[in-house]
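Colleague: What follows is a structure written as structure tokens; I'll ask about it next.
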Amino acid sequence: MEHSFSLPNSGHNYDAKASKLGMWLFLYTELLLFGGLFMVYMVYRALNPDAFLIASFNLNVWLGTINTVVLLTSSMTVAMSITAIQKGNSKLSLILLALTVAAAVIFLVIKYFEWGAKIEHGFWPGMDHFTNLPFGEQLYFYLYFFMTGLHGLHVVVGMVFILIVMKKIKNGSQNKNKNQLLENSGLYWHLVDLIWIYLFPLFYLIH
Amino acid sequence: MEDSYHITGYAEHFGTWVSLILLTFMTVFISVFGADLNTLTVATALFIASVKALVVAYYFMHLKYDPKIYRIMILIVMSMFVIFLIMLIFDYLTR
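Quick mapping for you: the protein sequence lines, in order, are chains A and B.
Each step along the first sequence adds one to the number in the working numbering, with nothing skipped, and position 12 is 109.
Each step along the second sequence adds one to the number in the working numbering, with nothing skipped, and position 60 is 1152.
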């Protein structure tokens, strides 16, 4: 090929703006997905305020706080890694992304222990202890497991996304001039953080 | 890249992080130690969460330096959400 013409959607053209807009459109659908769940939560909490309060005492506020700090910190490192690559420092960008992935792992490990303790005490839907709980408390635990579970799934996806980008930075296909994939994975990671910012007070901080 | 874009400095990201951490401790503190007024604490917690969400969106997600279209679009999405919310509240209040 002697000329550099490339067909749209052939994978050879790079359009950072369109890519970013597409990512944002996807994030809007995510906001509405979790928004719907928050509405379900709101209605059931309004109908069972006391049961939600009692059930929330089973969660550990301090573990929740630690996880909040972990996620906020990882949001900072991913934002800084974008700064680093835009300044042409791929190495620093990789280190910051590795820290982000480490934070994601810490978050998931803490979540694993939290869920493990709940399941050990029989709060998983269908277990004996769960079935004997008042209806309002059952609703709380349905929502707790579903919403934090869906959020945890997003953490895993975001982590994979970042790992793929790390590989691309290593082989040079994400660089100073072409880094929209990194920015998009950053946006996704911030969304994960954003959702946790609401999940945390709604499940852990009821008083 | 043909057009210049804004590069956020490391210090600004760090400052954003500090403010988010402070807000987190504030909301935990209010919830754990100041839990007398039931509805007020819920409202405060949600208010602080929204401030944090705005800080994340504006600084970490770069909305502050992005073209206006992104802010307009997020406004449309949030208004849609609020409309759903109002319809839902009316539904439950009128049963």
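Yeah, the Cβ is synthetic: ideal placement off N, Cα and C, and Gly gets one too.
So with CB distances below 8 Å, who are the chain E contacts of residue 270(A)?
Modeller: The structure shown has no chain E; the protein chains it does contain are A and B.
Colleague: Select from 229(A), 272(A), 303(A) and 247(A) the residue whose C-alpha is nearest the C-alpha of residue 208(A).
Modeller: Of the candidates 229(A), 272(A), 303(A) and 247(A), the one whose C-alpha sits nearest the C-alpha of residue 208(A) is 247(A).
Colleague: Counting beta carbon pairs with one atom in the segment 229-249 of chain A and one in the segment 269-279 of chain A, are three or more of them shorter than 8 Å?
Modeller: Touching, no.
Colleague: Could one say the Cβ of residue 277(A) lies closer than 8 Å to chain B's Cβ atoms, at least one of them?
Modeller: With 8 Å as the cut-off, residue 277(A) does not count as an interface residue toward chain B.
Colleague: Which two residues bound the contiguous alpha helix (DSSP H) that contains residue 125(A)?
Modeller: Start and end: 113-144.
Colleague: Please list, in chain order, the chain B residues whose beta carbon lies closer than 8 Å to that of residue 290(A).
Modeller: Correct list: 1148 and 1152.
Colleague: So which of 287(A), 231(A) and 234(A) has the shortest CA-CA distance to residue 258(A)?
Modeller: Of 287(A), 231(A) and 234(A), the residue nearest in Cα terms is 287(A).
Colleague: How would you write the range of the alpha helix (DSSP H) that residue 295(A) sits in, first residue to last?
Modeller: Taken as a continuous stretch (DSSP letters only), the alpha helix (DSSP H) holding residue 295(A) covers 277-301.
Colleague: Is the distance from the Cβ of residue 227(A) to the Cβ of residue 219(A) below 8 Å?
Modeller: Taking 8 Å as the Cβ cut-off, residue 227(A) and residue 219(A) qualify as a contacting pair.
Colleague: Taking residue 190(A) and residue 181(A) to be in contact with their CB atoms under 8 Å, please state how far apart those CB atoms are, rounded to whole angstroms.
Modeller: Confirmed, about 4 Å.
Colleague: In angstroms with no decimal places, state the Cα-to-Cα distance between residue 1121(B) and residue 1143(B).
Modeller: Taking the straight line from one Cα to the other gives about 16 Å.
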